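Numbering (the working numbering), first residue to last: 16 to 172.
So, in structure tokens, the structure goes:
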């Protein structure tokens, strides 16, 4: 199952870029053995997009048919790491070919424009910088692949 992170904004060279790349590389390495990947990232330049409606339209353009879509949003559903791994596992086992995560701009998503069935996901009630959300998402994808592979990376409790 292909996994794609689509995000408004670019992460320039620096610690956040290094962390995203590191966790995506790890997710790709472990994910191969459990049917996940490649994990890829698409960054969209916000300077060409006038508002959150345009940002959302750019994020959902060329969406693979039948993709399972998660829009990251502070008002979304919080999920434990194990629950996240189980959602990924279920999608894979149900034959989903694509899993797409959307990270909007500073004003979030234009909810009515999101594809029907898109799930809202939150990393808690705190407001996080978009760069850190991308790092956390890449890490959770690696953690999910590790859980599915039975690796000792995740420790519960």
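Glycine included, every Cβ here is placed at the ideal spot set by N, Cα and C. Everything numeric in this text was worked out from a predicted model, so none of it was measured.
Expected contact under 8 Å - CB spacing of residue i and residue j to nearest Å
i           : j           : result
residue 116 : residue 147 : With 8 Å as the limit, residue 116 and residue 147 do not qualify as a contact, their Cβ atoms being about 14 Å apart.
residue 135 : residue 91  : 3 Å
residue 10  : residue 158 : The requested residue 10 is not part of the displayed model; the chain covers only 16 to 172.
residue 79  : residue 109 : No, residue 79 and residue 109 are not in contact; Cβ-Cβ is about 15 Å, not under 8 Å.
residue 153 : residue 20  : 7 Å
residue 111 : residue 16  : 6 Å
Nearest residue (CA-CA) to residue i, options the options
i           : options            : result
residue 133 : 47, 31 and 81      : 81
residue 53  : 137, 38 and 85     : 38
residue 22  : 100, 41, 60 and 31 : 60
residue 161 : 27, 58, 47 and 25  : 47
residue 150 : 24, 19 and 36      : 36
residue 143 : 128, 125 and 120   : 120
residue 123 : 50, 67, 42 and 24  : 67
residue 127 : 83, 99, 69 and 163 : 69
residue 98  : 34, 163 and 44     : 163
Buried/exposed call for residue i, threshold 16 Cβ in 10 Å
i           : result
residue 76  : exposed
residue 55  : exposed
residue 139 : exposed
residue 155 : buried
residue 71  : buried
residue 141 : exposed
residue 175 : The shown model of the chain, from 16 to 172, leaves out residue 175, and the question about it has no answer.
residue 57  : exposed
residue 65  : exposed
residue 25  : exposed
residue 41  : buried
For residue i, three-class secondary structure by DSSP
i           : result
residue 142 : coil
residue 135 : strand
Worksheet entry | Every unbroken alpha helix (DSSP H) within the stretch 37-96, with a cutoff of 4 residues, ordered by chain | 67-75
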